[in-house]
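Shown next, in structure tokens, is the structure this report addresses.
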Amino acid sequence: MHNKYKYIETASEELCEMRTKARALMKEYEAADYNDNKRKQHILKQLFDAIGSNVFVGERFHCEYGKKISIGSDVIIGPNCIFIDNEQIKIGNCIMFAPNVQIYTAYHPILPEDRYIIERDADNPIYYNTCADSVEIKDGAWIGGGAIILPGVTIGKNSIIGAGSVVNRSIPDNCVAAGNPCRVIKYFDDIRKKV
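Okay, so the sequence shown: first residue is 78 according to my numbering, each after it adds one.
Okay, here's the thing in structure tokens:
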């Protein structure tokens with residue numbers, strides 16, 4: 078097996094307990110009255126590693142562990158967002174996530190001999206190796222509906238990611254980026270010059 082990957086032991090007792098707790102908290106959050114912000118914030122504080130003030134999380138939010146996610150203040154996470162947090166997801170302040178945004182920190186090795194676990198314990202349901210790399214969304218970013226952010230990506234300060242984009246590399250500060258693969262379309266300074 079190659080050592081260039083950062084493997085995650087997803088079947089460990091600690092991670093299994095974290096997943097179980099996260100699922101219970103997400104279920105409790107879904108059951109909370111829509112207008113009961115005090116209760117909802119209390120649940121989110123238990124779910125996430127850190128959370129600022131004025132954070133809204135829409136319906137049907139899903140994460141793996143929760144405790145690997147930190148969220149700043151004044152953040153809106155639209156409905157149906159999925160954050161696969163096998164590694165840290167750091168979300169800054171004043172950020173908007175439209176519906177159906179997906180953030181992935183997990184991936185699997187390319188080579189089949191690294192990906193599949195041939196010899197494993199009979200009690201271990203995991204038959205493939207999982208690796209992970211962190212994701213960071215910096216202050217002021219806006220992530221469009223259905224965007225997919227892949228492992229190891231940083232979204233720069235104030236940048237906008239167009240709807241439906243697949244972000245497979247980091248995006249600099251103060252720009253509009255879109256597409257599959259996502260690329261910079263224009264910088265805010267260029268837009269300001271035209272106004």
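All C-beta atoms in this analysis are idealised placements derived from N, C-alpha and C, irrespective of residue type, glycine included.
Environment of residue i [buried if 16+ CB atoms lie within 10 Å]
i: Y142; result: buried
i: I225; result: buried
i: C93; result: exposed
i: M78; result: Its pLDDT being 49, under 50, M78 is placed unreliably by the model, and the measurement read from it follows with that caveat. Looking at its Cβ environment, which holds fewer than 16 other Cβ atoms inside 10 Å, M78 is exposed.
i: S89; result: exposed
i: F162; result: Phe is not the amino acid found at residue 162; the sequence shown has Asp there. The residue in question, D162, is buried, as its Cβ has 16 or more Cβ neighbours within 10 Å.
i: S242; result: buried
i: I262; result: exposed
i: I268; result: exposed
i: A99; result: buried
i: P228; result: buried
i: E91; result: exposed
i: Y82; result: buried
Neighbourhood of residue i by C-beta, 8 Å cutoff - its chain only, sequence neighbours within 5 removed
i: R96; result: E141 and Y142
i: F133; result: V152, I153 and I154
i: R260; result: A254
Sub-8 Å separation of residue i and residue j beta-carbons
i: N177; j: N157; result: yes
i: I85; j: A218; result: no
i: G128; j: F160; result: As written in the sequence, residue 128 is Ile, which differs from the Gly given in the question. The answer is no: Cβ separation not under 8 Å.
i: S147; j: I168; result: yes
i: V230; j: V244; result: yes
i: R192; j: N206; result: yes
i: K145; j: I166; result: yes
i: T182; j: S211; result: yes
Close-in-space but distant-in-sequence residues of the same chain around residue i (CB under 6 Å, 5 per side omitted)
i: G221; result: A175, I238, G239 and A240
Cβ neighbours of residue i in the same chain (closer than 7 Å, five flanking residues each side left out)
i: L102; result: I120, Q123, L124 and G143
i: R116; result: A109
- Item | Segment contact flag, the segment 185-196 with the segment 135-155, C-beta cutoff 8 Å, min 3 pairs | With a cut-off of 8 Å, the segment 135-155 and the segment 185-196 do not count as touching, because too few Cβ pairs lie within range.
- Say whether the segment 109-122 touches the segment 232-252, bearing in mind that this needs 3 or more beta-carbon pairs closer than 8 Å, one atom from each stretch. Result no; under three Cβ-Cβ pairs closer than 8 Å.
- Runs of beta strand (DSSP E) wholly within the segment 202-254 (minimum 3 residues, chain order): Unbroken beta strand (DSSP E) runs of no fewer than 3 residues, entirely contained in the segment 202-254, are found at 207-209 and 212-214, following chain order.
- Item | Start-end ranges of the beta strand (DSSP E) lying completely within the segment 105-153, minimum 3 residues | The qualifying runs are 132-134 and 146-148.
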